[in-house]
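For reference, the structure is listed below as structure tokens.
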Ligand code: GLA
């Protein structure tokens, strides 16, 4: 049972295998938050939920016998609003037609359903009828006719709770939504740390952990994308919590656009933790009879540190977020021509890469940017999605047929959401891009963003991409998006709705993606945004993998892939071996190091395959066959992070099969150390009594020895790696 209703239907207890989440209705009207943490029995609410007030607190009136005195500013609230004496950050901020912002929400009732629904038009976690239960609690501001539904889906086995919110205007006048959090949780104790995943282009999802202070700590994106700069993931954790121990509470938004998340520690050290849509770039007018669905926030609690939290996310996203054929099927080893040729290629060159790829054991060749319109650099042709006949005289089909004949599948890069000012599309439809009438149309990478808040633009996009996919044997699409929004206005919306554009854009994009991926179920889609600028659960719902970063330097990638694994599974990360010296950092590293880092991801090559020496080709063939052997283990195994690049000079992680009979281990040392202390890595997550054979060395170890004593990592020099595929030989 995932949902227990107790004490005359006033206590709601959500239970997963290891978590309890408890709410209670107080004084017949206030929905209070009681507890989120390790699974417990239903407690006596009266001693857990302290509500009284202090000086300067606005008190709620006592309306009936038995009501307790209560100040909203002290009450741990489940979905707080402002204007009525709670001075903390509200989860919902609305403006009524009379200009008032006060929005008291009182409890109305609840409903339980088997399984799990999805917010209209948005990506979502999915689950079968016997895999989840959903509780919908309704609250209302009766005077104005505003109805708010708090939706909680409990995935008991997956150990996760998914929250979202639906708002309905049953009043007679429009309501303006300024801010809609998908989840907000109040804790009694604020002495916690916060962990987030900030970054930049080429440096995505680094780990930052800070002690919470009084007042607000806020993260978010107003770039029109979830962004390189801040991922829509946030955790609060006990200061003593680490990779393996302690309580961690986290949220991840299933959304790819603007978001905000944060914490507030208030006067009594209580902590509010929230995530959702909002900030300066959002507002939404809800007309009478209309509803608004907020994106889902996935909530994961772990009492065994960050490592267990990550594994819960990984399993959940692999089974309940990513869809389609490639959820379960092995992803092909690919070669991408971007860092091999950039814009400088023709049919002959691409076919020669395909020939070489096939000989090496690569399964898919991806033709990146520059194949369309008259594109020779990044200054033109986005939107003109027909072959550049100078480079591809036989068109896309002519090239794709030759690639397939060479023995590899054919994949293609597209940047469908964009338009170049120098394009036939822009000349025909100058109002199809985001812009503010009369102002300069600000460009980034010489391009403008198509206005996907418009239905006609989305319809055109669906048919265009559908047309390309039907025109040639295309097995894979890299769906790129290379700029953030500016002048985010739409020619089709009235003045008062212009702030709806970023969210309407996301709804348009999601409709396009749903339609295209449904029409082309056999195509593998990889999302990309200048690398990992839209690495979020929203995109993963449509596309099972994301290009993790434009930075392909293996040392930099250790940080990026380690940070990304905090919330996302390795099966979501694209990782390629590129040239040395690396094109972004200039660093020289061995082919081995580059291969070993990329194997912890969807493996591929992004360099001139024709430039390999015979010796290198041999090594590459070996890398590919090794990857094919461990591919399913890396993709589906439980990941244990053993040593963090953010803490020192070494990195180690491992992937363990469900039955714990097999695992793959990878260790990296970044800089050489002279006269260094013994470097020993203790493994995790395996069976103490099993004897494992390290295939590459022929040595055997018992699980308890590997976990308690560990393996000595004996390497010399900069940028070194050791990997091992271990298999059970006996108990
Ligand atoms: C983005 C992508 C790269 C490449 C280029 C092509 O930067 O992240 O991998 O596809 O675009 O222009």
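Residue numbers (my numbering): 250 to 980.
Backbone N, C-alpha and C fix where the C-beta goes; we use that ideal spot for every residue, glycine too.
Since we're looking at a predicted model, the values are computed, not measured.
If you check the CB distance, residue 431 and residue 546 come in under 8 Å. Here the alpha carbons of residue 670 and residue 646 stand approximately 27 Å from one another. Among the bridge pairs identified by DSSP, residue 342 is matched with 428. Between residue 690 and residue 740, the alpha-carbon positions lie close to 13 Å from each other.
The beta carbon of residue 769 is closer than 7 Å to those of 718 in its chain, skipping five residues each way along the sequence. Residue 968 sits away from residue 826, with the two beta carbons spaced by 8 Å or more.
Distances between the C-beta of residue 731 and the heavy atoms of the ligand GLA include at least one below 7 Å. Within the same chain, and ignoring the five residues on either side of residue 644 in sequence, the residues whose Cβ sits closer than 6 Å to its Cβ are 636.
For residue 358, the secondary structure class from DSSP, reduced to helix, strand or coil, is strand.
Nearest C-alpha to residue 376 among 780, 318, 567 and 521: 567. Residue 382 is bridged by DSSP to 363 and 403.
In the displayed model, residue 788 falls within a helix according to three-state DSSP. Under the three-state reduction of DSSP, residue 977 is assigned to strand. Residue 863 carries a helical assignment under DSSP once its states are collapsed to helix, strand and coil.
Taken in chain order, the complete alpha helix (DSSP H) segments of 4 residues or longer contained in the segment 731-776 are 750-768.
Under the three-state reduction of DSSP, residue 885 is assigned to helix. Note on residue 658: 16 or more other CB atoms within 10 angstroms of its CB, so buried under the neighbour-count rule. By the Cβ neighbour-count rule, residue 890 is buried, with 16 or more other Cβ atoms within 10 Å of its own. Restricting attention to 625, 335, 843 and 575, the CA atom closest to the CA of residue 590 is found in 625.
Between residue 395 and residue 358, the beta carbon gap of about 16 Å keeps them out of contact (Cβ cut-off 8 Å). In its chain, beyond the 5 residues on either side, 299, 300, 301, 302, 303, 306, 517 and 519 have a beta carbon closer than 8 Å to the beta carbon of residue 323. Taking each of 730, 620 and 956 in turn and checking the Cα distance to residue 472, the smallest one comes out for 730. Here DSSP, grouped into helix, strand and coil, assigns residue 264 to strand. For the 8 Å CB-CB criterion, residue 701 and residue 667 do not form a contact. With three or more CB-CB distances shorter than 8 Å, the segment 606-616 counts as touching the segment 866-878.
A check of alpha carbon separations from residue 464 across 440, 343, 758 and 832 identifies 440 as the nearest. Annotation for residue 779 indicates a beta carbon within 7 Å of some heavy atom of the ligand GLA. Under DSSP, residue 310 takes part in no beta bridge, so it has no partner.
The beta-bridge partner set that DSSP reports for residue 275 consists of 279. For the set 397, 404 and 818, the Cα lying nearest the Cα of residue 414 is the one of 397.
Note that the C-beta distance between residue 851 and residue 580 is below 8 Å. By DSSP's assignment, residue 412 forms a beta bridge with 401 and 546.
Burial state of residue 435 is buried, judged by a 10 Å Cβ sphere holding 16 or more other Cβ atoms. Remark: the shortest separation between the CB of residue 620 and any heavy atom of the ligand GLA does not fall under 7 Å. Annotation for residue 799 indicates a beta carbon within 7 Å of some heavy atom of the ligand GLA.
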